[in-house]
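Asker: Numbering (our numbering), first residue to last: -10 to 319.
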């Protein structure tokens, strides 16, 4: 099956480190985004890493995160089966241990990101190590990603600017003590549409962290969270320093909404009655002078446009990250 677990994802990361490319880890807030991502990746012969947050799982499961994970996992598996590329799923920014255990028991995700980065260092180590040990006890085919440092934006609770940059030697200690498979680092990036301090983006720091890890015998892939606003040349510089997973979420959310907005504003009178017609939805399909146009308002019409736009965006990003043409399954 093309929907693979952690052992296969580890091979993709090994390829990425050896050849200097990365995977754009793309969050799925809604199924049309998921289908667009698969189409875009397949078009460019790139393996695909999707991400599901706890909130997205809860939304998909009608306020039940486990039900949402099951539903989305089944959806991904069936759609991915139509393609030849490798498809993977990371559970993004997880902190609920009960839900993490359920993820491992269900054997749905390829990797899980435990986020205790907001905690003091020792607590972050203990929590991240607990998830690694849970994986080992269960023999789960899943990689564990942990985060050290703070990312600007939704995590803007830290007053010291230095906290937005991961210390290389502390990174070595963290990986050594937790046994995590991937390490998300802070190098001046930001989550979402962030406000506050302007931070210097430092690809050189990623290189220092990578070198420090390797000097201690740790060939741990690095992860870049909060890549909003990172330009293509900056991203490519990061990829040369051991970054092989780059998270994208806000961009897809905006493209989804902007595509729908542009679609509906092209012909607003196909959706909303003119001012001289009562805005009574119960009578629109009776014998009235005006009725909405199903060729415009059918949600499948805008849904296809959203899929196409997401596919185009992700296809472009595979070239920026270098994953285009590098699927190991073709």
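The beta-carbon is built from N, C-alpha and C at its ideal position, and this holds for glycine as well.
For the stretch 45 to 60 against the stretch 16 to 23, are there 3 or more C-beta pairs whose distance is under 8 Å?
Answerer: Yes: at least three Cβ pairs fall under 8 Å.
Asker: Which partner residues of residue 39 appear in the DSSP bridge assignment?
Answerer: 15, 78
Asker: Could you name the residues of the same chain whose beta carbon sits closer than 7 Å to that of residue 27, not counting the 5 residues immediately before and after it, in chain order?
Answerer: A distance below 7 Å between beta-carbons, with the five flanking residues on each side excluded, links residue 27 to the following residues of its chain, in chain order: 37, 68, 69, 72, 76.
Asker: Measure the alpha-carbon distance for residue 205 versus residue 245 and round it to whole angstroms.
Answerer: 44 Å
Asker: Assign residue 119 to one of three DSSP states: helix, strand, or coil.
Answerer: helix
Asker: Give me, in chain order, the residues of the same chain whose beta-carbon lies closer than 7 Å to that of residue 235; leave out the 5 immediate sequence neighbours on both sides.
Answerer: 11, 13, 14, 213, 216, 224, 310
Asker: Going by DSSP in three states, residue 176 sits in which element: helix, strand or coil?
Answerer: strand
Asker: Bridge partners for residue 283 per DSSP, in chain order?
Answerer: Under DSSP, residue 283 shares a beta bridge with no residue.
Asker: Contact between the stretch 99 to 110 and the stretch 127 to 136: three or more CB pairs below 8 Å?
Answerer: yes
Asker: If we ignore side chains and look at the alpha-carbon of each, how far apart do residue 303 and residue 316 end up?
Answerer: 15 Å
Asker: Is residue 236 helix, strand or coil by DSSP?
Answerer: strand
Asker: Which residues in the same chain as residue 207 place their Cβ atom closer than 8 Å to its Cβ, once the five residues preceding and following it in sequence are excluded?
Answerer: 161, 164, 165
Asker: Among the residues of its own chain, which have a CB less than 7 Å from the CB of residue 249, if the five just before and after it don't count?
Answerer: 291, 295
Asker: By Cβ distance below 7 Å, which residues in the same chain neighbour residue -8 in space, the five residues on each side in sequence not counted?
Answerer: 65, 66, 69, 76
Asker: Take the Cβ of residue 82 as the centre, count every other Cβ of all protein chains shown within 10 Å, and call the residue buried at 16 or more, exposed below.
Answerer: Answer is buried; the Cβ neighbour count reaches 16.
Asker: Tell me the DSSP secondary structure of residue 317 in three-state form.
Answerer: It is coil, neither helix nor strand.
Asker: List the whole-angstrom C-beta distance separating residue 44 from residue 85, where the pair is believed to meet the contact cut-off of C-beta under 8 Å.
Answerer: Contact flag wrong, Cβ pair sits at about 11 Å.
Asker: Going straight from the alpha carbon of residue 273 to that of residue 259, what length do you get?
Answerer: 12 Å
Asker: On the DSSP bridge assignment, give the partners of residue 55 in chain order.
Answerer: Paired residue(s): none; residue 55 is not in a bridge.
Asker: Check each candidate in 9, 116, 2, 54 and name the one with the smallest Cα separation from residue 229.
Answerer: The shortest C-alpha separation from residue 229 is found at 9.
Asker: Does the separation of the CB atoms of residue 320 and residue 29 fall below 7 Å?
Answerer: Since the first residue of the chain shown is -10 and the last is 319, residue 320 is not available in this structure.
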